[in-house]
Amino acid sequence: MSDGEIQVAINSDQDIILARQKGRALAAELGFAASDATLIATAISELARNIVSYAHRGEIALKIVNGADRQGLSIVASDCGPGIPDIRQALRDGFSTSGSLGMGLPGVRRLMDEFEITSQPGRGTTVAVKKWKH
Amino acid sequence: MEVPILKQGDVLIATFQAALSDADLNQLRSGLVQKVVKFRSRGVIVDVTAMDVMDSFASRTLREITHMIRLRGADTVIVGIQPEVALAMVQLGLTLEGVATALDLEEGLAYLNQKFATMH
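From first to last, the protein sequence lines stand for chains A and B. Just so we're aligned: 275 in the working numbering is position 53 of the first sequence, and the numbers increase by one with no gaps anywhere. Just so we're aligned: 183 in the working numbering is position 30 of the second sequence, and the numbers increase by one with no gaps anywhere.
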């Protein structure tokens, strides 16, 4: 089993595919059910897409995390893009500034068990999510 | 990776591969519409059985394809959305509203044939 972090640089739409494939492989390695692996791959796809759409480049880091009595997968999407001025607004369904569907962040939050976002206008955005194996 | 488009009588069939980039999806959108015009097709089936992830971009592209082809007077049906993909789509809030779906290729053809029959 792989330990440590898998980092995928996100610079183009091809990298979105690479990131979600690596996420799915790691989820399978951890023993996630196929349906959960699909939820994880979909969340990674949306997070990587946000990077490409808003910040143009960034990184997705994947890591196995150990809880008290369970294992999980941690995904951290980070960029040095323009940041999100109003996070509360960005977490509302239907909000978008890039002409996309605007369901990225609230949707990702529903797909995962834990969701944390930090953003500074002009400095960048970091979204950290976790999915626990049930 | 280009999506193959097959012509079967009045119907075009596009079969998605597993990992399609945004560029591939955009290419499919324009390729399908061009072929609908060229062959005067009355129906389009988009088979997504092999797709392992349907994110907001793929979902939006499918909706756009359907709406563009509808403006040409033809019908589109999406077939083969896998159960776990459907689950992820619903949680993400992607409902493919206004887009016809069917279980598989056979059901998709039956749907289109029924549509063609009611138009006579």
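We put the CB at the ideal spot given by N, CA and C, even for glycine.
Annotation for A/D301: the continuous beta strand (DSSP E) segment containing it runs Q293 to D301. Counting only Cβ-Cβ distances below 7 Å, A/S267 has contacts in chain B at V206 and D208, in chain order. Per DSSP, A/K355 lies in no alpha helix (DSSP H) and is assigned neither H nor E.
If you look at A/I273, you'll find it isn't in any alpha helix (DSSP H); DSSP assigns it neither H nor E. Identification of residues in the region 254-285 of chain A having a C-beta nearer than 7 Å to some C-beta of chain B yields A256, S257, T260, L261, A263, T264, S267, E268 and R271, given in sequence order. By the rule that beta-carbons nearer than 7 Å mark a contact, B/G246 touches chain A. A/Q236 reaches chain B at S174, counting residues in chain order whose Cβ is nearer than 7 Å. For the C-beta of B/L240, the chain A residues within less than 9 Å are, from N- to C-terminus, S257, T260 and L261. It is roughly 17 Å from the alpha-carbon of A/I238 to the alpha-carbon of B/V238. Going by C-alpha positions, A/S275 is about 17 Å away from B/L173. Taking a Cβ-Cβ cut-off of 9 Å, the neighbours of B/E237 in chain A comprise A255, A256, S257, D258, A259, T260 and L261, given in sequence order. In the DSSP assignment, B/V197 falls within the beta strand (DSSP E) that extends over G196 to D200.
Apart from sequence neighbours up to five positions away, the residues of its chain that approach A/K285 with a beta-carbon distance below 6 Å are E227 and S296, ordered along the chain. At a C-beta separation below 7 Å, A/I239 has these neighbours in chain B: A172 and S174.
Less than 7 Å divides the Cβ of A/G305 from the Cβ of A/Q342.
DSSP, read as helix, strand or coil, puts A/G280 in strand. Residue pairing of B/A270 in beta bridges, as defined by DSSP: absent, with no partner found. Using a CB distance cut-off of 7 Å, A/L333 counts as an interface residue toward chain B. Per the coordinates, the alpha-carbon of A/G346 lies some 11 Å from the alpha-carbon of A/A299. A distance below 8 Å between beta-carbons, with the five flanking residues on each side excluded, links A/Q243 to the following residues of its chain, in chain order: A263.
For B/V201 and B/T271, the gap between their C-alpha atoms comes out near 27 Å.
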